[in-house]
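Residue numbers (this note's numbering): 7 to 983. Ideal Cβ placement from N, Cα and C applies to all residues, glycine included.
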Amino acid sequence: MISQTIETQQQLSTMIPFRYRILLYLNILLVVVDICINAFSEFLAPNAFGQLIIYIIQDVCIILSLTLLVIMVLTTYVAQAGLLCLLLRMFRFSIVITCLYLVLCAVVQGLLLSRRFSKDEQGQSAFRYGEVLAFYVIQRTFSVLYYYGMKRAAYRLSDPHFYQSSKWLQDLWEKRRNVATMRIASAAGSASATTTCVCCTILYLRIWYKLKRAKRRANMDYLNPIPLQQIYGAPIGGLGCGTIGRGFRGEFCRYQLVPGLYEFNTVDANTFTVCIRRRNTTTYCQVLTPYRLRKKGLRSWNCAFPKENGHYQALYPQSWTTYDLPNQNIRLLCKQLSPVIPHNYKDSSLPVASFLWYIENLNDEPVEVSLMFTWQAGSASQEFSCRDISHESIDVTDDEISASGVSIKQTLRGMRLEYCIMGKKELDNTITTRTNFNVHSSTDGRDIWLDLTDDGRLTESKTVRSTSVHTASCVCITTTVEPNSIKTSEFVLVWHMPIINFGLGQRQYRRWYTKFFDTETLTGSTLCIHAMKNRIQWEEAIAKWQQPILDDESLPEWYKSALFNESYFIADGGSMWLDVSEDMTLPKHVREWGRFGYLEGHEYRMINTYDVHFYASFALIQLWPQLELSIQYDFASSIDYEKRENRTYLFHGRSAHWKTLHSVPHDLGDPDEEPWLLINAYISHDTAEWKDLNLKYLLQIYRDYVYTQNKQFLIDVWPTVKMVTDRVKKQDTDGDGLVDNGGFADQTYDAWAVTGASAYCGNLHIAALRACVEMARMLKDTDALEEYDVWLKLAKKSYSDKLWNGTYYNYDSSVSRHHDCIMSDQLAGFWYLRLSGHKYDDFEKDRISSVLNTIFNMNVMAFGQGKIGAVNGMTSSGQLEVVSMQSEEIWTGVTYGLSSTMIMENLKSQAFITSEGIYNTCYNVAGLAFQTPEALMRDGHFRSCGYMRPLSIWAIQKALELSCLESNTDSNNLDDH
Numbered sequence: 007m008i009s010q011t012i013e014t015q016q017q018l019s020t021m022i023p024f025r026y027r028i029l030l031y032l033n034i035l036l037v038v039v040d041i042c043i044n045a046f047s048e049f050l051a052p053n054a055f056g057q058l059i060i061y062i063i064q065d066v067c068i069i070l071s072l073t074l075l076v077i078m079v080l081t082t083y084v085a086q087a088g089l090l091c092l093l094l095r096m097f098r099f100s101i102v103i104t105c106l107y108l109v110l111c112a113v114v115q116g117l118l119l120s121r122r123f124s125k126d127e128q129g130q131s132a133f134r135y136g137e138v139l140a141f142y143v144i145q146r147t148f149s150v151l152y153y154y155g156m157k158r159a160a161y162r163l164s165d166p167h168f169y170q171s172s173k174w175l176q177d178l179w180e181k182r183r184n185v186a187t188m189r190i191a192s193a194a195g196s197a198s199a200t201t202t203c204v205c206c207t208i209l210y211l212r213i214w215y216k217l218k219r220a221k222r223r224a225n226m227d228y229l230n231p232i233p234l235q236q237i238y239g240a241p242i243g244g245l246g247c248g249t250i251g252r253g254f255r256g257e258f259c260r261y262q263l264v265p266g267l268y269e270f271n272t273v274d275a276n277t278f279t280v281c282i283r284r285r286n287t288t289t290y291c292q293v294l295t296p297y298r299l300r301k302k303g304l305r306s307w308n309c310a311f312p313k314e315n316g317h318y319q320a321l322y323p324q325s326w327t328t329y330d331l332p333n334q335n336i337r338l339l340c341k342q343l344s345p346v347i348p349h350n351y352k353d354s355s356l357p358v359a360s361f362l363w364y365i366e367n368l369n370d371e372p373v374e375v376s377l378m379f380t381w382q383a384g385s386a387s388q389e390f391s392c393r394d395i396s397h398e399s400i401d402v403t404d405d406e407i408s409a410s411g412v413s414i415k416q417t418l419r420g421m422r423l424e425y426c427i428m429g430k431k432e433l434d435n436t437i438t439t440r441t442n443f444n445v446h447s448s449t450d451g452r453d454i455w456l457d458l459t460d461d462g463r464l465t466e467s468k469t470v471r472s473t474s475v476h477t478a479s480c481v482c483i484t485t486t487v488e489p490n491s492i493k494t495s496e497f498v499l500v501w502h503m504p505i506i507n508f509g510l511g512q513r514q515y516r517r518w519y520t521k522f523f524d525t526e527t528l529t530g531s532t533l534c535i536h537a538m539k540n541r542i543q544w545e546e547a548i549a550k551w552q553q554p555i556l557d558d559e560s561l562p563e564w565y566k567s568a569l570f571n572e573s574y575f576i577a578d579g580g581s582m583w584l585d586v587s588e589d590m591t592l593p594k595h596v597r598e599w600g601r602f603g604y605l606e607g608h609e610y611r612m613i614n615t616y617d618v619h620f621y622a623s624f625a626l627i628q629l630w631p632q633l634e635l636s637i638q639y640d641f642a643s644s645i646d647y648e649k650r651e652n653r654t655y656l657f658h659g660r661s662a663h664w665k666t667l668h669s670v671p672h673d674l675g676d677p678d679e680e681p682w683l684l685i686n687a688y689i690s691h692d693t694a695e696w697k698d699l700n701l702k703y704l705l706q707i708y709r710d711y712v713y714t715q716n717k718q719f720l721i722d723v724w725p726t727v728k729m730v731t732d733r734v735k736k737q738d739t740d741g742d743g744l745v746d747n748g749g750f751a752d753q754t755y756d757a758w759a760v761t762g763a764s765a766y767c768g769n770l771h772i773a774a775l776r777a778c779v780e781m782a783r784m785l786k787d788t789d790a791l792e793e794y795d796v797w798l799k800l801a802k803k804s805y806s807d808k809l810w811n812g813t814y815y816n817y818d819s820s821v822s823r824h825h826d827c828i829m830s831d832q833l834a835g836f837w838y839l840r841l842s843g844h845k846y847d848d849f850e851k852d853r854i855s856s857v858l859n860t861i862f863n864m865n866v867m868a869f870g871q872g873k874i875g876a877v878n879g880m881t882s883s884g885q886l887e888v889v890s891m892q893s894e895e896i897w898t899g900v901t902y903g904l905s906s907t908m909i910m911e912n913l914k915s916q917a918f919i920t921s922e923g924i925y926n927t928c929y930n931v932a933g934l935a936f937q938t939p940e941a942l943m944r945d946g947h948f949r950s951c952g953y954m955r956p957l958s959i960w961a962i963q964k965a966l967e968l969s970c971l972e973s974n975t976d977s978n979n980l981d982d983h
């Protein structure tokens, strides 16, 4: 064998010089011929016909040289080994120059011959060199490059490496094979993506048009995105009772009275007005909004309060707006409050808002101050039918409180709704009302304004007026404020919609708050009086919740703001809280604590979207844990349910079951359909094939048990845990213990394809198996414990072998170009375990530290200098991963979750740098306060305002508490030692 190899090499060594000599001689000959023709063509053939023959010979020589070069390239071992592209790249200079030179020669020859064959008027040749001089010079210049290129090619092709196998060639071939495989996969993916996009668009348009004809909204309406309004402040209203947004300029906007459906309009008539009188003369009257009112009946009012005289602050569920009245020496402070109080399952559900006005008189004389609150019937738009409208004035007195105001009763989309505005009576104030005026009538509007400015009070009109969605009511509190003193005036707003139904109207529900009152006598005024009685206790409860965090000097100020203000979404996320105590088919816990749901986002109208709730649930489990367990019971009830009806999913256009047996649903329905009865409203993908939902269910069940220590809950849901783990097993296609992603976007990153074992789902899988081991041990299920323990060991080994690259976990185990992408969310499973009290049973500490530092350096600092959070994907070379829109995005909720993991790993400084970028971008740069989006991009674009996932900021608070506890425990252990 060795002698054969030596003999072959000797043959090659003699053969290659011979080929080289032939190649060199031929190239020299062709070059010499070309030089001679360029130099002596005019002398060799003075007539035109002779010139034609010489030019043909020149062109043939050039073509022969190019042909010879190609033949020699194709006969090399390199080309025969499949590396032709490599050779073409190496000799592209010679090939391109030869082709260009041939074209230039043909052009110059054609011009010269055309002139020689043409005759002037005397019959002489019309040839003039000056006419073709430019082309002539260019052609001669390229001739030099042609000579150099051909000689260079001849010398390079004499290299023996081109004619035999070698390690150099084998390495090149392997590299090219891998690149080719990636390109083929990428090309196939691009073609598939194009086909998918077309199919998805056609299907979506068909569904959208069908819903449009039925006067319903698509639950993800891409054709009518919500317009950006940089106006929002802290909203009003409790959990599950409907909410009304407030703008920081005083607007009442973003109404969610019809369950789960938003109206993003501002109602001009809903506003406050102040009137100042001195010595029985009105000296100042102003609507307390810095913009002009557009309604015809309101244009005569004095609008456009100077914006430089106002100041707004919010710390949800409270806000404070200060008004320095110009030239009046009077300062107003409006304190807005809704009773959103952790662990309070009664008052937190009330549809009420308290507006406590502090009136500070800085003058040396008393002033009379009137505050008027105006409210219009209907809703924020004309989208929902509103009928049976009536206005009436009301007075209520009990043992503790007296109040006066107005009630506006109506039926909104078939549901009874009552607005109630009341002012609290004091010994030294006066409350007057106007029950009905038309905001579209300039006469009515002027009458109201003149009535108020006349004596600082309202006079009830004696004229019987018709009612409509354009009619409004007013309540005015008038009080005298002594010099250099402060007085208060208190208003309460209620929107009382006790019985609701959803879009398809198959069933009616009572809102949760109604169970605490006599439903036969419950009215808006009842709730107003309750709010007035309990406001002080609510303030104390909110202070008790927030003050320890606000007083913690180790925490940055922006974090204190973000923590509480991001909590707005629990109420203003389209939340609904239903009293289902009489439905004996439901679990006891749900009957006892109610059924709770909230939207994935203001634009993504699906209830309790589970893959996103996985992040957001850290808020509920810490603040209202019984509601979190209620959600888990609802999902547990859905595991053993299937809906075999097929439907077509947008991506790929394939049909599949509506709900597959023993799989976790994506969501619990669309409020414009029939949530809880018609689940899985998401139609982009068949989520039964998603690889993260089942794992997230297992992790959430375990986390919720750890936090609540409710063993009955664990016993109740344990059968569903086994069903889900059996389903997970079927998603391991290669038997390595890990779920295998299917080459499409089959997880919460639903536009970012992943193949095989993956960092994200693999991490979730290992953590979920650990959770199952611990739950089985707690319930003494020895068979399950043994099964899950063996499975866990196999999964851990596969995860390490397939994905660990020495620094972080690769995005997936494919051969795609982006397989080694640095994903910021790759430790999602570890995050859950760590915040559930585990340390490093299943993930090595050194590796976790390496991953977090890599993400911080690459996804946070290298991407945006720490000023915009953590981007989802970065390439291993430090470039933005652009394989998918979602890989380019910064997900607010994921960034908060990542930061909490960093805190647990003693990277507190890095954690706050990472998360501060999100807060600063949303609140201070983009104007997205109280509408935090799902995703940001570096160029300033964003997606899906008002989203659930940013509630994961409460994981940071949990991490701070646990890390402090661990630190104290370690210190105590050290002291004991």
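Flag this pair as yes or no: are the beta carbons of Glu389 and Ser413 separated by less than 9 Å? Stepping through the sequence shown from its first residue, residue 389 is reached at position 383. Stepping through the sequence shown from its first residue, residue 413 is reached at position 407. No, they are not a contact pair.
Closer than 8 Å is the cut-off here; do at least three beta carbon pairs connect the stretch 760 to 774 with the stretch 832 to 840? yes
If we count the other Cβ atoms within 10 Å of its Cβ and call it buried at 16 or more, is Thr147 buried or exposed? Residue mapping note: residue 147 aligns to position 141 of the sequence shown, counting from 1. When all chains shown are included, Thr147 counts as exposed.
Nearest-angstrom Cβ-Cβ length linking Trp518 and Gly246, presumed shorter than 8 Å: Against the sequence shown, residue 518 aligns to sequence position 512. Against the sequence shown, residue 246 aligns to sequence position 240. Going by Cβ atoms, the distance from Trp518 to Gly246 rounds to 6 Å, so yes, they are a contact pair.
Please report the residue range of the alpha helix (DSSP H) in which Val796 lies. Reading the sequence shown from its first residue, position 790 is the one you call residue 796. 788 to 809 is the extent of the alpha helix (DSSP H) around Val796.
Measuring CA to CA, which of Thr527, Thr901, Asp617, Gly923 is closest to Lys702? If you number the sequence shown from 1, residue 702 lands on position 696. Measuring from the Cα of Lys702, the nearest candidate turns out to be Asp617.
Taking all protein chains shown into account, decide if Ser4 is buried (16 or more other Cβ within 10 angstroms of its Cβ) or exposed. In this structure the chain extends from 7 to 983, so residue 4 is not present and cannot be described.
What do you get for Gly530, buried or exposed, if any count of 16 or more other CB atoms within 10 angstroms of its CB means buried? Taking the first residue of the sequence shown as position 1, residue 530 is located at position 524. With 16 or more other Cβ atoms within 10 Å, it is buried.
Take Arg660 and list the residues in its own chain whose beta-carbon comes closer than 8 Å to its own, dropping the five residues that flank it on each side. Sequence index remark: in the sequence shown, residue 660 carries index 654 (1-based). Counting only Cβ-Cβ distances below 8 Å, and skipping sequence neighbours, we find Thr654, Asp692.
For Glu546, which of helix, strand or coil comes out of DSSP? As a working note, residue 546 is residue 540 in the sequence shown. Correct three-state label for Glu546: helix.
With a threshold of 7 Å on Cβ separation, who are the neighbours of Ala409 within its own chain once the five nearest residues in sequence on each side are excluded? Taking the sequence shown and counting its residues from 1, one reaches residue 409 at position 403. Only Val402, Met428, Gly429, Lys430, Lys431, Cys534, Ile535, Met538 meet the Cβ criterion.
For Lys157, which option in Ser71, Ala224, Val66, Leu886 has the closest C-alpha, if you only look at C-alpha atoms? Indexing the sequence shown from 1 puts residue 157 at position 151. Comparing Cα-Cα distances from Lys157 to each of Ser71, Ala224, Val66, Leu886, the minimum goes to Ser71.
Express the C-alpha separation of Leu592 and Asp678 in angstroms, rounding to a whole number. The sequence position of residue 678 within the sequence shown is 672, counting from 1. The sequence position of residue 592 within the sequence shown is 586, counting from 1. The straight-line gap from Cα to Cα measures roughly 22 Å.
What is the DSSP secondary structure of Thr997, reduced to helix, strand or coil? What the structure shows of the chain is the stretch from 7 to 983, and residue 997 is not part of that stretch, so it cannot be assessed.
Minimum C-alpha distance to Val358 - residue among Asn540, Ala777, Leu699, Phe55: Here residue 358 refers to the residue found at position 352 when the sequence shown is read from its first residue. The option with the nearest alpha carbon to Val358 is Asn540.
Measure the CB-CB distance between Thr436 and Thr465 and report whether it falls below 9 Å. For the purposes of this step, residue 436 is taken as residue 430 along the sequence shown, with counting starting at 1. For the purposes of this step, residue 465 is taken as residue 459 along the sequence shown, with counting starting at 1. No, they are not a contact pair.
Below 9 Å between beta carbons: does that hold for Met784 and Tyr902? The count along the sequence shown starts at 1 and reaches residue 784 at position 778. The count along the sequence shown starts at 1 and reaches residue 902 at position 896. The answer is no: Cβ separation not under 9 Å.
Exposed or buried, which one is Leu229 when buried takes at least 16 other CB atoms within 10 Å? As a position in the sequence shown, residue 229 is number 223, starting the count at 1. So Leu229 counts as exposed.
Measuring only the C-alpha atoms, how far is His595 from Phe719? The sequence position of residue 595 within the sequence shown is 589, counting from 1. The sequence position of residue 719 within the sequence shown is 713, counting from 1. His595 and Phe719: Cα-Cα distance of roughly 9 Å.
Would Ala941 and Arg949 qualify as a contact pair, given that the criterion is a beta-carbon distance under 9 Å? Within the sequence shown, residue 941 is the residue found at index 935, counting from 1. Within the sequence shown, residue 949 is the residue found at index 943, counting from 1. The answer is yes: Cβ separation under 9 Å.
Checking 9 Å against the spacing of the C-beta atoms, do Ser842 and Val877 come in under that value? Numbered from its first residue, the sequence shown carries residue 842 at position 836. Numbered from its first residue, the sequence shown carries residue 877 at position 871. Not a contact, by the Cβ cut-off of 9 Å.
For the beta strand (DSSP E) containing Asn435, name the first residue and the last one. Reading the sequence shown from its first residue, position 429 is the one you call residue 435. From DSSP, the beta strand (DSSP E) with Asn435 extends over 435 to 444.
So Trp326 and Gln319 are in contact, right, with Cβ under 8 Å, and what is the actual spacing, rounded? Numbered from 1 along the sequence shown, position 320 holds the residue referred to as residue 326. Numbered from 1 along the sequence shown, position 313 holds the residue referred to as residue 319. Correct: roughly 5 Å between the Cβ atoms.
Opposite Met226 in the DSSP bridges: which residues? Taking the sequence shown and counting its residues from 1, one reaches residue 226 at position 220. Answer is Tyr610.
How should Gly741 be labelled, buried or exposed, when 16 other C-beta atoms within 10 angstroms of its C-beta is the threshold for buried? Counted from its first residue, the sequence shown places residue 741 at position 735. With fewer than 16 other Cβ atoms within 10 Å, it is exposed.
Would a C-beta distance cut-off of 9 Å place Val76 and Ile101 closer than the cut-off? Taking the first residue of the sequence shown as 1, we reach residue 76 at position 70. Taking the first residue of the sequence shown as 1, we reach residue 101 at position 95. Result yes, Cβ atoms of Val76 and Ile101 sit closer than 9 Å.
Just mark Val38 as buried or exposed, buried being the case when its beta carbon has 16 or more other beta carbons within 10 Å. For the purposes of this step, residue 38 is taken as the residue at position 32 of the sequence shown. Exposed, by the Cβ-count rule.
Whole-Å CB distance - Ser958 paired with Phe624, under 8 Å assumed: Counting from one through the sequence shown, the residue named residue 958 turns up at place 952. Counting from one through the sequence shown, the residue named residue 624 turns up at place 618. Yes, Ser958 and Phe624 are in contact; Cβ-Cβ is about 6 Å, under 8 Å.
On the three-pair Cβ rule with 8 Å, is the stretch 476 to 492 touching the stretch 438 to 456? yes
May I have the straight-line CA-CA distance separating Asn912 from Trp363, to the nearest angstrom? By one-based count along the sequence shown, residue 912 stands at place 906. By one-based count along the sequence shown, residue 363 stands at place 357. Approximately 45 Å between the Cα atoms of the pair.
For Ser495, which residues does DSSP report across the bridge? Indexing the sequence shown from 1 puts residue 495 at position 489. Beta-bridge pairing links Ser495 to Trp363.
CA-CA distance, His502 and Gly603? As a working mapping, residue 502 is identified with position 496 in the sequence shown. As a working mapping, residue 603 is identified with position 597 in the sequence shown. Roughly 19 Å between the two C-alpha positions.
Just to confirm my understanding: we take Arg183, look at its own chain, exclude 5 residues before and 5 after, and list those with CB closer than 7 Å. What are they? Sequence index remark: in the sequence shown, residue 183 carries index 177 (1-based). Note that Arg183 has pLDDT 47, beneath the 50 cutoff, so the model's placement of it is unreliable and the number below is only indicative. If we look at Arg183 and ignore the five residues flanking it on each side, it has no Cβ neighbours.
How many Å lie between Pro554 and Gly462 at the Cα? What you label residue 554 is simply residue 548 of the sequence shown in a count that begins at 1. What you label residue 462 is simply residue 456 of the sequence shown in a count that begins at 1. So the alpha carbons of these two residues sit roughly 43 Å apart.
Which residue or residues does DSSP assign as beta-bridge partners of Glu374? As a position in the sequence shown, residue 374 is number 368, starting the count at 1. Per DSSP, Arg283, Thr486.
Let me confirm a value: Glu651 is counted as buried when at least 16 other C-beta atoms fall within 10 Å, else exposed. Which label applies? On the sequence shown, position 645 is the one that residue 651 refers to. Classification of Glu651: exposed, given that the 10 Å Cβ count is below 16.
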